Amino acid sequence: MYIPPEICGKIAEEVRDLTVEAQRHKSRKTWQAENQTLLALTLVSKLWMRGLDIPDSGSPEGSGESLCYLPQTTHHLASL
């Protein structure tokens, strides 16, 4: 699945509130949550750009873990 960079950018804009008021009053916890979400988006986008499949927990191969399956090999997202 290929998602154009423009779409990823729109998602990122929705995740991170860039208004001046929001920037002034964000808590550390809010910044961390936004950064985690954007990091997850980046990792998934890289996998999709490489053409790797990420099975969901409902699929026969899906275990509910964050894994991507390659022919004859299994890689954890952390190793990418």
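Numbering of the sequence shown is given in full-length UniProt numbering, commencing with residue 1 and proceeding in unit increments.
C-beta atoms are modelled at their ideal positions from N, C-alpha and C, and glycine is treated no differently.
Predicted, not measured: the structure shown is a model, and the values here were computed from it.
- A Cβ-Cβ contact shorter than 8 Å links Thr37 with Val15.
- Counting along the chain, the unbroken alpha helix (DSSP H) around Ile7 starts and ends at Pro5 to Val15.
- Ranked by how close their Cα comes to the Cα of Glu34, the residues Glu6, Pro5 and Ile11 have Ile11 in first place.
- In the same chain as Gln32, and ignoring 5 residues on each side of it, no C-beta atom comes closer than 8 Å to its own.
- Assignment of beta strand (DSSP E) within the segment 11-46, counting only whole runs of 3 or more residues, yields no such run.
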